[in-house]
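Novice: Taking the numbering used here, I'd label the letters of the sequence shown as residues 1 to 440.
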Amino acid sequence: MTNPKNIHLAQFLVHGPTYHSLAMWRHPKTISSGYDWNKPELYQHIAQVCERGLFDTVFFADLNYIADTYKGTMDSALIHATQAPEHDPIPLLSFMAAATKQIGVASTFSVSHSHPFYAARLWATLDHLTKGRAGWNVVTSINSNQAANYGEERQSTDRRYDRAHEFMEVCQKLWHSWDSDAVQMDYKKGVFADPKKVSRIEHRGEFFSSRGPLNVTRSPQNGPAILQAGTSPKGQDFAVKYADAIFAIQPRADDAKAYYDSIKSQMSDIGRDPNTCKILFGIQPILGTSESHAREKQLEHNSLVPLEGGMAILSAHLDFDLSKLPAEAIMSERKEPELYRMRTRFHEADGTPMTVAQTAARHGQSVSLPQFVGTPSRVADQMEEFVDIVGGDGFMLTATHSPGAIEDFVDLVVPELQKRGIYRTEYKGTTQREILNQMD
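(1) Quick check on Ile389: does DSSP put it in helix, strand or coil?
(2) Under a three-way DSSP split, which group does Gly310 fall into?
(3) Drop a sphere of 10 angstroms on the beta-carbon of Glu51, count the other beta-carbons inside from all chains shown, and report buried for 16 or more, exposed for fewer.
(4) Please look up how many angstroms separate the CB atoms of Glu166 and Phe207, rounded, as I've assumed it's under 8 angstroms.
(5) Hey, Ala229 and Ala248 are a contact pair by Cβ (cut 8 angstroms); roughly how many whole angstroms apart?
(6) Determine whether the beta carbon atoms of Ser366 and Ser21 lie at a separation below 8 angstroms.
(7) So Leu93 and Ser114 are supposed to be a Cβ contact under 8 angstroms. How far apart are they, rounded?
(8) Could you compute how far the alpha carbon of Ala148 sits from the alpha carbon of Arg154?
(9) Opposite Arg204 in the DSSP bridges: which residues?
(10) Expressed to the nearest angstrom, what Euclidean distance is found between the alpha-carbon atoms of Glu296 and Gly212?
(11) Do the segment 116-135 and the segment 155-175 touch if we need at least three Cβ pairs shorter than 8 angstroms?
(12) Give me whichever residues DSSP pairs with His347 in a beta bridge.
(13) With a cut-off of 8 angstroms, do at least 3 Cβ pairs link the segment 86-106 to the segment 129-149?
(14) Helix, strand or coil: how does DSSP classify Phe167 here?
(15) Please state whether DSSP places His363 in a helix, a strand or coil.
(16) Can you check whether the CB of Pro89 is closer than 8 angstroms to the CB of His458?
(17) Which residue marks the beginning of the beta strand (DSSP E) containing Met185, and which one marks its end?
(18) Using alpha carbons as the reference points, say which of Met354, Ser290 and Arg218 lies closest to Leu122.
Quick look at the structure:
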């Protein structure tokens with residue numbers, strides 16, 4: 001690797017039967033393991049495995065809907081478990097933190113259907129309960145199904161992010177409404193907290209009003225670590241300002257490099273040290289004892305993904321019914337505005353344009369995350385080569401089956417990365433933010 005740098009790793013999870021792979025719930029290894037995605041002990045186990053692998057964090061996505069985008073019905077979503085059902089992951093964070101000591105525990109929480117006071121209180125409490133290991137993936141809801149579940153209309157991108165900026169402004173004011181030394185606990189004087197060190201925020205804005213203060217004391221990280229995955233210009237602007245880590249899906253290395261360079265440049269432009277935010281690119285490792293064995297496993301996995309399921313999940317993520325398009329239509333040539341957000345996912349790694357059917361199939365396999373396939377050594381090569389080309393700070397991993405895939409990566413690939421001197425051999429720091437900022 002040119003200019004070797006230590007990479008960071010995060011594990012992607014969903015509190016449901018499928019993560020990024022629609023094959024997960026019916027994969028032979030998943031079935032043979034007695035997999036029960038609803039069993040909380042499974043997630044404690046995953047957190048412990050990832051901590052053994054010295055990952056920065058385990059991270060849950062979250063959706064608040066079962067989509068009927070494809071063909072106007074929920075049938076395909078339910079038949080193929082296209083990230084449905086999906087239970088609330090936030091209650092799992094404390095449960096997982098109790099079984100671990102250092103790894104971060106993070107979840108998605110949409111700002112579109114809540115008030116900042118509730119969110120600030122929730123995440124400050126979680127930061128206390130996890131002893132500073134909480135991470136909040138801040139999202140705005142883009143799906144009309146989710147908006148309808150809350151009795152609302154889907155908002156424009158500009159409107160959603162204008163609201164999100166003010167939402168975070170209020171949260172940060174509330175997290176700082178208690179000075180770090182406000183709690184005195186002076187038993188002799190009988191003073192629990194110094195009133196002079198607890199302040200109202202008196203926020204009055206376009207979208208929110210909040211008097212404050214928060215009724216949660218200053219948390220270990222002054223609020224959770226902030227994660228983000230913005231792709232639109234507005235989303236990137238939000239991530240550049242607030243994020244401690246950004247998760248990115250960029251199937252092609254040249255697009256990934258352009259994204260990485262743009263985000264880091266934008267951080268410099270606003271006077272922020274680019275090293276204070278890690279950009280982690282999504283990948284789906286598939287390991288084998290040989291190259292041919294790994295390719296066989298890839299073929300087995302991909303063959304378990306039904307095209308109808310891929311069409312349904314991609315339709316939901318685009319909020320656009322792909323049944324309206326010919327299956328052989330070239331995705332990158334379409335002009336529908338709903339497709340623009342994922343435009344970098346419509347080509348093969350070599351730049352070949354993909355049809356609607358091809359794009360949907362890949363989306364069902366990995367939500368367009370590139371599959372790194374081979375022996376543990378070869379997968380480590382691919383990771384090293386990617387960082388060398390792109391300059392990325394690390395990877396967000398998604399599994400093909402569970403349990404098993406995560407354990408194999410930790411046991412087989414992590415030692416290979418450590419041997420090459422590009423991955424930590426111990427944690428340095430105690431909070432999620434400190435671990436994300438660990439440079440060696």
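Glycine is no exception: its CB is placed at the ideal position from the N, C-alpha and C atoms.
Here the structure is a predicted model, which means the values were calculated and not measured.
Specialist: Per the coordinate set shown:
(1) DSSP places Ile389 in the helix class (H, G or I) of the three-state scheme.
(2) Looking at Gly310 - three-state DSSP - the assignment turns out to be helix.
(3) So Glu51 ends up on the buried side.
(4) Rounded, the Cβ-Cβ distance is 5 angstroms, consistent with contact.
(5) Yes, they are in contact, since the Cβ atoms of Ala229 and Ala248 sit about 7 angstroms apart, within 8 angstroms.
(6) Less than 8 angstroms separates the beta-carbon of Ser366 from that of Ser21.
(7) Contact between Leu93 and Ser114 fails: their C-beta atoms lie close to 17 angstroms from each other, not under 8 angstroms.
(8) If you take the alpha carbons of Ala148 and Arg154, they lie about 8 angstroms apart.
(9) Arg204 has Ser209 as its beta-bridge partners, per DSSP.
(10) If you take the alpha carbons of Glu296 and Gly212, they lie about 58 angstroms apart.
(11) Result yes; three or more Cβ-Cβ pairs closer than 8 angstroms.
(12) For His347, which the question treats as bridged, DSSP gives the partners Pro353.
(13) Three or more pairs of CB atoms, one per stretch, sit closer than 8 angstroms, so the segment 86-106 contacts the segment 129-149.
(14) Three-state result, Phe167: helix.
(15) It is helical.
(16) Nothing can be reported for residue 458, as the shown portion of the chain is limited to 1 through 440.
(17) Segment Val183 to Asp186, the beta strand (DSSP E) holding Met185.
(18) The shortest Cα separation from Leu122 among Met354, Ser290 and Arg218 belongs to Arg218.
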